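Residue numbers for the sequence shown follow the working numbering, so the first one is 216 and each next one is one higher. Glycine residues also receive a C-beta, built at the ideal position from the N, C-alpha and C atoms. Note that the structure is a prediction, hence the values are computed from the model and not measured.
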Amino acid sequence: MIEIQSPTGLARARETGALVGDILHELKGRSTPGTNLLDIDRWTRELIDAAGATSCYVDYAPSFGRGPFGHHICTGVNDAVLHGRPHDYALADGDLLSLDLAVVLDGVAADAAISFVVGGSQPPESLALIGATERALEAGIAAAGPGARLGDISAAIGAVLTGAGYRVNTEFGGHGIGSTMHQDPHVPNAGRPGRGFRLRPGLLLALEPWVMADTDELVVDPDGWTLRSATGCRTAHSEHTIAITDDGAEILTLPRRART
């Protein structure tokens, strides 16, 4: 199903997106060496509850997972890149942490992810991974707009990732979003320009480039959820929810302090 938002729905999506951006910004500031992933999950629940919103992950039970997910946020450390299930682990200096959060507020969902290095150590490989996903996300957003096609977004994302020397896995990628977290259309992180669904105002998309340092193969943890690089290499993941408007693409999941 592909949803097209009315002006009222888009206004609600802006509020949901700002909440997601604010929570991720808050969690990044709190994530220091010694922080437990279960504390991050607890803080997320508290922040979501205080806003009167609902996590999209607690009851999330797709066919590929061993559901329900049962937590409020995805926490991936180092080689864990997608669907990282929070567990009893204390972050160490230099860990690469990816946080992926989706919530519903007033009937509209928003989804975003950030990757960053914890503490004072800043390994160059980790910074390169993060930078590539952030640039790819910027390129994908720049390619989005009314009349463009999904393939234009996918091609722009893929060009940045492969240009940085990374292989692209297309099993998981971006997606439509609206009243629920995952909707059509699927947005692969590689593709051909000029192909696929034509974008129109009111469409919400979650774009999410992610890479692994030296592979494009994933393995699944015994928890049935956490996806890791097959080689144990480090990984990174960046995501924003955007709205297609008459003028282009509007990023909905920026924290409020970044909008001033």
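- In this structure the segment 307-316 touches the segment 331-341; the number of beta carbon pairs closer than 8 Å is three or more.
- Short of 6 Å from the beta carbon of Ser270, and not among the five residues preceding or following it, lie these beta carbons of its own chain, in chain order: Ile263, His287 and Val318.
- For His401, there is no enclosing alpha helix (DSSP H); the enclosing beta strand (DSSP E) covers residues Gln398 to Val402.
- Below 8 Å, too few C-beta pairs join the segment 453-468 and the segment 426-444 to call them touching: fewer than three.
- Distance between Ala379 and Pro339, taken at the CA atoms: about 14 Å.
- Cβ-Cβ distances below 6 Å link Val383 to Gly373, Leu376, Asn404 and Ala405 in the same chain, with the five nearest sequence neighbours on each side left out; the list follows chain order.
- Assigned with DSSP and collapsed to three states, Trp258 falls in helix.
- Taking a contact to require three or more Cβ pairs closer than 8 Å, the segment 413-431 and the segment 218-236 qualify as touching.
- Following the DSSP letters along the chain, one finds Leu316 inside the beta strand (DSSP E) bounded by residues Leu311 to Leu320.
- For the 8 Å CB-CB criterion, Ala266 and Leu467 do not form a contact.
- Counting of Cβ neighbours within 10 angstroms places Phe284 among the buried residues, the total reaching 16 or more.
- Across the structure, Gly389 and Asp326 are spaced so that their CA atoms are roughly 10 Å apart.
- Contact annotation, Asp315 with Ala328: C-beta distance approximately 4 Å; criterion of less than 8 Å satisfied.
- Ser270 has Val318 as its beta-bridge partners, per DSSP.
- The secondary-structure analysis by DSSP pairs Arg413 across a beta bridge with Arg364.
- About 4 Å separates the beta carbons of Pro470 and Gly236, which is inside the 8 Å limit, making them a contact pair.
- Secondary structure note for Asp326: its beta strand (DSSP E) is the uninterrupted segment Val323 to Val332.
- Where Glu353 is concerned, the enclosing alpha helix (DSSP H) starts and stops at Pro339 to Ala358.
- Of the residues assessed, Gly391 falls on the buried side of the cut-off, its CB having 16 or more other CB atoms within 10 angstroms.
- Setting aside the 5 residues that flank it on each side, Asp274 is surrounded in the same chain by Pro283, each with a C-beta closer than 7 Å to its C-beta; the list follows chain order.
- Rounded to the nearest angstrom, the gap between the Cα atoms of His302 and Glu432 is 23 Å.
- The continuous alpha helix (DSSP H) containing Val235 extends over residues Pro222 to Arg245.
- Secondary structure at Thr377: helix, using DSSP grouped into helix, strand and coil.
- Cβ-Cβ distances below 6 Å link Gly291 to Gly299 and Ser313 in the same chain, with the five nearest sequence neighbours on each side left out; the list follows chain order.
- The beta carbon of Pro277 lies closer than 8 Å to those of His397 in the same chain, with the five residues before and after it left out.
- For Gly335, there is no enclosing beta strand (DSSP E), as DSSP marks it with neither H nor E.
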